[in-house]
Structure formats: C-alpha cells, structure tokens
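In our numbering, the protein residues as written are 11 to 1199.
Idealized CB from N, CA, C, for every residue including glycine.
Below: the structure, in structure tokens.
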C-alpha cells in the first residue's frame, strides 16, 4: 500500500517499528512464544580456547600485498584466488607451502594425496653438473652463491649510471631517476623477502644438529673408494663419550659397547647410521636411543618391521620403556598421534606416497632387519621407501651381518645426498660351537662331534671323519643302513636326542624343521616326553587359561588349542604359519620366560623375532624352496644358527646338525657353515602401484625412482665420470677440424659404413668361431692373422688354446712374427674402447683399403725374425688360414717355458724353424679356411659382409694419396662423436635397465584407460591408487559392477582368492552363485592379461589363473554367513593359522575397496563394503594380539 507522499514507504513497516520489536524480544526473553523458545534460545558457554584448535583446511584464497607503485611502500592486504597452476608446482611438495591436513584425517594419508618432495632429488629438471677442473674466468660467469650456501651476494650495477637513453630534458631525467630508485627499492625488498623465506624453510626442515659441523661438510661427499659411506671403528673405545654427549637421552642399565657409543654419537649429530651386527649384539639399543632422543627433541620417529609379529612385539617392548607408542599395521591402528610409531614397511610406503602429515615432524625412520631387501616379493618396498623419504628425515638401518654393507650404505648416501656412518660388529658376543650328531638311540646319544669350536674359524676335518666312521659302522650292522629311517625310528631318534640335551644342560632348544607337516607329525609323536616340573606346569596352565579365556564360545575348545595346550604344559611347543596367531604369541611369551624347553619351528621363527635360545638344532640341511630341493644357503644357516647363545646367560651357543643315517657332503657342509655372508641385492622392479602413485603427483617422474634404485647404483656412480668425460671430449672435439680434401669428401660416411662392416664381422666371428668345427680347427700349429693395437694384421701361430669350464675357447696363446724393433706407431696406452682400436679394426678388415688375406705384415728377414708370445681373444682373429705347421708344438711350449726361466741359456733354434715354416707356407699360397656356412642366418650375414665390402671399395676417399692420415683424423673425430652419443645415452633415462618394462606397463595402463595420453591419471587410475595389492584386478571388478548384484557373503568369499597363497589344499564345494562369480571374476581378470600380452609385457596368457587360489572360498563364505570357526574347519584341510591370516588380509582388501568406492562417489557401494567387512570381523579370527593388551 503506497503512502500519500508517494515515496513507497509504509508507516506500518517503518525502521523504528522493527527496532522496537528487536529490542523487546532481545531484552525480554520471556515474551517469546513458549513452544518456540527452545528452538530459538539455547544455553551457550563461550570457550575461547577452542579457537586455538581450529581444524586446518585448504583455503582456495590467499592474501596478497598491495604496494604503492611509486614508493614501494606497503598499503594493505587483499584476498585473491590462488593460482590453479600452483598445484602442479614443486612448492606444493614442501612442508612450508602445503597446508596441514585436518587432524581427523587418516594417519596413512589420503589415497589422492601427493607425496612430499623426496630428499636427494634435484629441484631443477636437469641434474646439477658435477664440478670438473677447468679454467676459471675471473671476469665473466662468476658465482653469486658460494658452494654449500643457499643464499649469497648479488652484485647489482648502479642503476643511476646505466640509463641507456640520454634524457632530453630535466623532466625526463627526474622521471628516469624516480624509476631507477623505485626499481632498486623493489629489488632490495625482494631480496629481503627471499632471505626470510629461506630462513623459514630452514626451520621447516627440523634438522636438529648439535654439532659445530659446517653445512658444506655434508653437502659434498668425502673422497676415497666410498664417497658417502663412512666406516666407524666398532672396536675402539670412546673415552670422552659421556663428555661429548652430556646428558644421555636414555639411561641404559648396562655399559654400552663401543659400536653402540659410536652410533649414538652420530645420532646426536642427526646423521644417517647403518648398524650391521651379529645376533644378540644389541643393535636394538641404537633404535631405542633414537626413540628417546626424538622424545627429547619433541619430534617423531617411525620404527618399521618386516613382519607383523615383530611389529607387535616391539610395540609391547617400546611401550613399556617409553609410554607414548603407536602401532599401524594392516588391521590395527593404535595411538596414531604418538611420537613413536611402529608399522610395517608397506604402511610407511603408503604414507609417503599419500603425503601423510606425520612426516612433517618426522626426525628418524628406523629400518629393522633391513636385509629383508633381498626378499624377491617385498624387497622393492624398502628401496621405494628409502628413495621417497623427505630431506629432513634421517635413517637408522639395522641389519644382520652382510658382506656388502658399505656398498649398500654408499647407495643410501648417494641417493639421499647425505653421508651414512657404518658400524659393523667384528664378532658375536656369544660365540658358536657347531656339531654333527649321528646318534639314533640312548646308546649312541654321545655321538656328538664338534666340527667348529668357539672363536675358531677352522673346520675340524678329523671330527667330520669320526662322524663318518660312526655312521659307517652302524650301516654294517643293518641291511637297510642306506635307507631313510621310518617315522617311528625318527621319533625315537628325536626322543633320545632331547634326553641327551637335557642331561648335558643344553635346553632350551629350538629344532628347525623346514616343513609344517613334519612338525605336526613329530609333535604328535612326543606324547611321552615331559620337560617341565610341577611348578612350571602350573605357571604354563595359568597363563594359557588366561589368554584363551579371552576367546568366546567354542573357540576355546578348538582341537589345535587343546592339543597345543597339553603340549606346552609339558614344555614343548610348535611355531609355524599354520598355528593360530593367538597360540603363536602364547608360545613366544612362554619361550621368552623360559617355560618352553623344546620348540619345533620353521625358519620364520628366526626371521626378525628376537628370542635367543641355548641350543639350535637343524633337522635337515636341505629345504624345498617352491621349485626344487636344495642345500641351505650360508645366509639361511647363519640366520637360524644365530639364535643360539643367550647374552649374559651362556658362554657359548650350541648348534647341532642332525645326521639321520646320512652325513652331509663335506664340501657342501663347509660351504654352508663357513661360506660368505649374505649380500644385499636389489629386488627393485616397476609396479603398477608405484607408477600410479608417482604419477598422481605431476612434478615427480617415475624415471627418477628407477634411476635411484639400488640396481642402478653402479651406473649412478659412473655418472660423475661420464659427465667429466663428456666435458673433456667436447673440449677436444672443438680443437679438431674436418678433413678439407675434395677426394675425401665422403670419408665420414666411409667411416660409418666401416663401423657397420666391423659389427657385421664381429657377429660373424661370434657365430663361426664358437662352433665345434672352429674349436677343432683352432689347435696348436694353426697359422692365423691377428689384429691387435700392437700387431695389426700380423702373421701368428697358435701355441695353445685356453678353454673355460665348459670346454669353450676363452682365448688363444699365439706366437706373433715381426721385424726387430717393430712398432705399430699407435698410442698403445689407449684402452680397448679408444678410437685407436677402431682405426685398427677398420684399416685391417678385408675390403677396407683393398686389404686382402695376402697382405699380412711379415718380418723383413725370414732367417732372423723377431717374435712375441701373447694372448688374444677370438675377436682378435682377422683370418684363420688353411696352413698348419708341422713343427712339434709341445717342444715349442717347453722351449718357451725354458726361455722364461733361463733366458740366458735359451736355444732359439726351434722358434727359428717354426718361423721359416710359417713364412714359407704363407708366401707360397695364403688361403683362408672355409667354415662352410650352411644355416640361412649365417649365409645372410656373410652376404651382408661381402656387400658391405664391395660398397666400401667404391668410395673415392680410399683412393686418396693421403688416405691413412685423413682416415686417422676423421676416425678420431667420429669416435669422439660416437663416444658423446654413448655418454648421452648412458646419462639418459633410456639406459635404465627397468625402462623397457616401465614403458610397457605404462602402455598397458593407457590401453586399460588408467592413464591418459599425457600420463595424467584418469578416474580408474585414481581409484587404483587406493589399493595396496592387486590394484588393477580390483579396479576392473569395481568399474565393471562385479559386486553390484552379489550378496555380501559371496563378495568376501570370491575375494579370498587374492589373499590365499597355499598351493595345495582340498577342493571347495561351491554353490552355483559362487561358481558363476568365480567364472566372471576370471573373465574380468583376463582383460588385464590380454592387455599385457598385447603390449608384449608377457608372452602369453598361460597359467594366469595360477595367481588366484580359490581353495578357501567355501570356508570364507560360511564364515561370512556366521558359522563358528570350529564348524568351518571341517570343510578344508588348511591349517587354522593360515585361514585366520587369509581372513584378516581379506579385511584389508575390503577397506581398500571401500576407499575406491569413496573416490568414485558411490555411497551405496561404500556402505556395502563396510557391511562386508563387519561380517568377517569377529571371534578368534580378529582376537586382539597379546602384545597390544
């Protein structure tokens, strides 16, 4: 309703009216309607401290400074939208530039998160050139930043004196002066800002260095054989240790060994440390001190273990000592915000690829049992983690004794561009004694022969012979002495042997039996053996009852639990992968307390779990490795034998090898017991997971990871030499000029054709001279023409062919005839790869310069020639002649030997006779031996050689009067160009040994649409990043809606084929639905195989189904349906522990698929996977570890 005034304002709704209403209701709360009061008003107590913990978020906006354009003075801030391109810049990888993740985020990071910039990687696209000696120009190209510094001095010329255009008037001069002053102020402000940012980056690195060492001392590498690895003397005392340290971060209840003190000193300097120590030497002390020191620094430390059992054990141990400790494994996350986190190496790899915020405050990563890098399947994980660790993180590497520890440390230091200090223990703290046991009853139980005594490396052959005689004497009394004893006889042998150990006070004992089935058989036969007293029985029974009491219902009465309980009460236990995890932990804890006297275990008990014993026994010295039965390697033997000897309890550790009717071979025994320590070797390989994880961050290249792998270490060491050689060759090439001759205008092409011909002839020699006919023809007395740098195209006679183990000719000893004082005129100091050798090969090849078989260089005098005896390779043979000498070559050999030992009284008559016969036969009719090439490839190769020879004979340059000089000049220039090409290739990504496989895998990913043409991740690629195993198969299943119509129980049952690994088991009885799902699963999985075959990543699709094992599909299906564990055991012959491990790993897969569902945005599917996980997470399968209680 319009007012009369016409201004459109209604007095009923005046501003004063609304103000009165607001005042009334805000001052008189009771006037509000009662039925709406609670909706409007609520009790609120302000909590200002909550503002301090505001969750961090990635704000798309940023503040920008606005300055006066004339004076440069700061005016105000304005909010602007961040540049989208920032997300592809390397600055996103830094801790300063990236915003912190929300506190509620996953400790492992987001599947689509990007890793922080790895330490040791160059910030620029090209690697920095290594310093090479060169002339310094003191006028131009001077450095502005000193080596080792991050900022320096910028020498800016006075802008007032560099006005290019002369001003035309006073006004223009004033304007130019103002502009110059403003520019100078702006530059000054920019330099100040850069210095401030630089200081912030230094703080962000969190590198705590208490020493006075200058930065540039660690920015470069020291000299010597190893540039980055520095060995410390582990035996020398550190007298001023406590003076240097001051207050220890952790007080140990014992005096530290010298090697521990050396390592701890380096921890205080925040250096990388590698400790290679014998079993029970105390390398864990270094890890414990690092944890305490990080607590003192208020930073974080990560302890990685190769196996879950070791992670759980260390969690218990460290929690007792340090309190604040967290645990991250595939199925457990405990206190993830703790300052000390224990996890498997695979978890740490995921954290690094996902850019977990935990790495911000990370000071150390401790790699325990780093020799696991040798594991064929999992070793690549250790290399990836070491490469991807950020710059501010230092590493502590704990390993068993290895042969190439310094080489490995050198690789780590070279990769991270930071020194690694190596500490190696020289000997075991508890020496070992090695025995052979040949007894088989109580009467022969004293047949224990000490083949190696403590602190004595000598193998006692006499004791071995005694053991051999003892077995031989027994075989004479038995007709079946050479046969393997039966099960009952073997059981009696073990019983009598254990009774002997008990009498000799050699318990507790671990018997390593390399077969689960044999362990179970033997354990069932030891019912008559009792090794505990009543008090111990009570303690064992009480402990087991307490642990098993945590289980529900019928799980407490599982046959395995009942059997193992009765066995352990008598002091006997078993430990292998088929045992329930709960019972394995019970076994470990009872063994640690000394209540288990006899433990039957597979070699996994020796891998990482720190539980020493008095005696270690080997049931056999051979094992089946999945392919064949073989002798234990030295590293395997040492790993298991190393468990013998408890520090502080035993003076020596006892190792016994059981000889049940058969003694190990003498040489095999020495090789196994006294062989070389294990070598750390690379198991690196490009995987789909690694490729996708790296490519989701656009600024990091997969090639950089390949280049820094341990497998490429030797080539990376050579890179420095390559770069130095390149500069030298480039400088040398600048001083060479091409031949200026009209006749020789095509000489460069002539050279290249000559190289092709030389390569063809080399291939032909390989094909012909390695045949049986050639081997027979190259016998003593055969006349040949050789070409070496010293003797190009010279006549020679074979004295003796040197053959290898396979009877193949390795090289030839020949007598070369030449004139007295002969010299080839070539630079003989050059290496085989030098251009001189290329010149020789081209000049002496038949067809080059019309040289033929009759043009061999001979002595000037036939009556008194000079000669030289030398060794040549098969490739040094230019021609093999038909001619053979009739001189007795055995007499020649003896004559040459006499000349060597008694040159003064040596008679050269036989050699002169040989020379005359050679010269006479050669001058008469030199004929090349025809090897009668019959195979088509050889004929084609020979045809190409003849064609190439004809082509080269038609070049005009070969008719030049000064051809030799021109050819030598050209060949030197062309050789340098070829060397530069070779160096460029060696420094390029294409030279990497894994590059072909990497490129093929990328092509497979593009074919399957995980990657775009520019290697950018598509939706399928992003989804696959969430998976830690079988990423392509699971992603294909998700995107093909494989799970859509399947019931939850069927989903988990079919997926079990991806985590179950046992090859042989009973066949499952599948329902029609499961059979159909299995068929569909294999069809979708075959799509990946088809792509790999199409891209030639694999030759064919044979045996592709072998990687999926469906043996537990029925068992898992029934478990998901709610059946109890005891009930499902009747449907399979697989051990209980194997089933539990399969289902727990299956839960990890389900959680990863749930993350995939979240990425693709399918809420219903995500909920379905959550329910699937809940259906299997119950009862004994997911019983909490005793170590985390």
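Inset, instruction - Use the C-beta contact count for residue 565: other C-beta atoms within 10 angstroms, 16 or more gives buried, fewer gives exposed. - result: buried
Legend entry - Exposure of residue 769, with buried meaning 16 or more beta-carbon neighbours within 10 Å: exposed
Legend entry - Span separating the alpha-carbon of residue 326 from that of residue 376: 17 Å
Legend entry - Contact the segment 422-437 vs the segment 645-652: 3+ CB pairs below 8 Å: no
Legend entry - Proximity winner among 724, 598, 605, relative to residue 614 (alpha-carbon distances): 598
Inset, instruction - Identify, in the order they occur along the chain, each residue of the same chain with its Cβ nearer than 7 Å to the Cβ of residue 641, setting aside the five sequence neighbours on each side. - result: 631, 632, 678, 682
Inset, instruction - For residue 537, name the three-state secondary structure that DSSP assigns. - result: coil
Inset, instruction - Please classify residue 416: is it buried, with 16 or more other beta-carbons within 10 angstroms of its beta-carbon, or exposed? - result: buried
Legend entry - Bridge-paired residues (DSSP) for residue 959: According to DSSP, which records beta bridges pairwise, residue 959 is partnered with nothing at all.
Legend entry - Segments assigned alpha helix (DSSP H), at least 4 residues, entirely inside the segment 269-346: 294-307, 318-332
Legend entry - Selected residue, minimal CA-CA separation from residue 1097, among 259, 1049, 1057, 1162: 1049
Legend entry - N- and C-terminal bounds of the beta strand (DSSP E) containing residue 664: 663-668
Legend entry - Nearest candidate by alpha-carbon position, reference residue 921, set 779, 252, 909: 909
Legend entry - Sub-8 Å separation of residue 464 and residue 443 beta-carbons: yes
Legend entry - Nearest-angstrom Cα separation, counted from residue 1159 out to residue 1084: 19 Å
Inset, instruction - Report all residues from its chain with a CB closer than 7 Å to the CB of residue 306; omit the five preceding and five following residues, and keep chain order. - result: 259
Inset, instruction - Determine which residues share a DSSP beta bridge with residue 447 and list them. - result: 458, 668
Inset, instruction - Check the C-beta distance from residue 719 over to residue 393 and give it rounded, since I have them as a contact under 8 Å. - result: 6 Å
Legend entry - Span of the alpha helix (DSSP H), counted from its first residue to its last, around residue 547: 544-558
Legend entry - For residue 331, the nearest candidate out of 402, 1039, 302 (CA to CA): 302
Inset, instruction - Can you tell me which of 775, 346, 825 puts its alpha carbon nearest to the alpha carbon of residue 791? - result: 825
Inset, instruction - Between the Cα of residue 684 and those of 651, 526, 1182, 30, spot the shortest distance and give me the residue it belongs to. - result: 651
Legend entry - Sufficient close CB pairs (3 or more, under 8 Å) joining the segment 1053-1068 to the segment 1117-1124: yes
Inset, instruction - Determine contact between the segment 455-464 and the segment 507-515, defined as no fewer than three beta-carbon pairs at a distance below 8 Å. - result: yes
Legend entry - Contiguous beta strand (DSSP E) assignments of at least 3 residues, all confined to the segment 967-1012: none
Inset, instruction - Give me the Cα-Cα distance between residue 972 and residue 932, rounded to the nearest whole angstrom. - result: 30 Å
Legend entry - Beta-carbon proximity of residue 299 to residue 277, cut-off 8 Å: yes
Inset, instruction - Taking the CB atoms as reference points, tell me whether residue 1144 and residue 1072 lie closer together than 8 Å. - result: yes
Legend entry - Where residue 1037 sits in the DSSP three-state scheme: coil
Legend entry - Identity of the residues DSSP links to residue 128 by a beta bridge: 400
Legend entry - 8 Å contact criterion, which residue 517 and residue 541 should meet: CB distance rounded: 7 Å
Legend entry - Same chain, Cβ closer than 6 Å to residue 99, neighbours up to 5 away in sequence not counted: At residue 99, the pLDDT of 44 sits below 50, so the modelled position is not reliable; the number obtained from the coordinates is stated separately. Contacts found: none.
Legend entry - Cβ-based burial, residue 802 [other Cβ within 10 Å; buried from 16]: buried
Inset, instruction - Please report how far the alpha carbon of residue 1035 lies from the alpha carbon of residue 361, in whole angstroms. - result: 12 Å
Inset, instruction - Per DSSP, which residues does residue 876 bridge with? Please list them. - result: 828
Inset, instruction - Please state if the CB of residue 1014 and the CB of residue 1025 are separated by a distance shorter than 8 Å. - result: no
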